[in-house]
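Chains as they are written, first to last, in my numbering: chain A, 1 to 93; chain B, 101 to 193. Every residue gets a Cβ at the ideal spot worked out from N, C-alpha and C, and that includes glycine.
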DNA sequence: TACATTTATTGTATTTATACAATATTTAGT
DNA sequence: ACTAAATATTGTATAAATACAATAAATGTA
């Protein structure tokens, strides 16, 4: 199915899938916690559409992480790279 | 004009108006910088609707401030209260 | 292997964010 | 007070987020 449309928003990348998996949650469980349909979580994880700002806040609150850590306009690095990066910064001191 | 609708998102509060005014910008100017119609800025400042996540990011980037400082699900305190609060915290040390 | 759970796919419907136009009202500058 | 600029109001149109249903595919487990 093809859609003809012009784009208003940039594509957003996110870490919802990894964060959810690290907590051993299913999409259904996460969906219930953040108050959306479980299929909506699927769309978000596949980055097929961007969450509303409120939904981004609910996800951020759920994981206890700032929005900017979970969502980005740039592709997000795997968590392991983030760790290495932080360790290196620490090592410099 | 009345609309009948069920609500999916919480109302979001924001500091767009004050932040813009502190920079001495008009809505039109801000609108150009963040790439929306100037009337959209009006809607946002009046909190008549929530921005998309991408727009929130663009606003955040424009002001150089984290999303959580500009947007909140709770009514936001005036900046002056924020300052007093921070000064008190500093005084405690 | 069979069964159950999770995830993906496709399709339709509704709500909300955004654009844009036209006019009214407010505010600031002379 | 007059004028220009900024903001508000109202209305219509489109795009994107979300819900929901049904089915298919994948994955895990007895």
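Item to check | CB contact check: residue 112 of chain B to chain A, cutoff 8 Å | outcome: yes
Checklist entry - With 16 other CB atoms within 10 Å as the buried threshold, where does residue 120 of chain B fall? => result buried
Item to check | Extent of the continuous alpha helix (DSSP H) run through residue 123 of chain B | outcome: Neither: residue 123 of chain B is in no alpha helix (DSSP H) and is coded neither H nor E.
Checklist entry - When the Cα of residue 69 of chain A is compared with those of A:18, A:23, A:7, which residue comes out closest? => result A:18
Next on the checklist: Under 8 Å, Cβ to Cβ, is there at least one residue of chain A near residue 167 of chain B?
Outcome noted: yes
Item to check | Below-8 Å beta-carbon distance, residue 50 of chain A vs any chain B residue | outcome: yes
Checklist entry - What's the gap between the Cα of residue 159 of chain B and the Cα of residue 134 of chain B? => result 6 Å
Next on the checklist: Output needed in chain order: residues of the region 128-159 of chain B with a Cβ under 8 Å from some Cβ in chain A.
Outcome noted: 150, 151, 152, 153, 154, 155, 156, 157
Checklist entry - Of all the CB atoms in chain B, is at least one closer than 8 Å to the CB of residue 71 of chain A? => result yes
Checklist entry - Under the three-state reduction of DSSP, which class applies to residue 6 of chain A: helix, strand or coil? => result coil
Checklist entry - Terminal residues of the continuous alpha helix (DSSP H) containing residue 53 of chain A? => result 53-63
Checklist entry - Run through DSSP, which three-state label would residue 43 of chain A get? => result helix
Checklist entry - Closest by CA to residue 127 of chain B, which one among B:141, B:115, B:114? => result B:141
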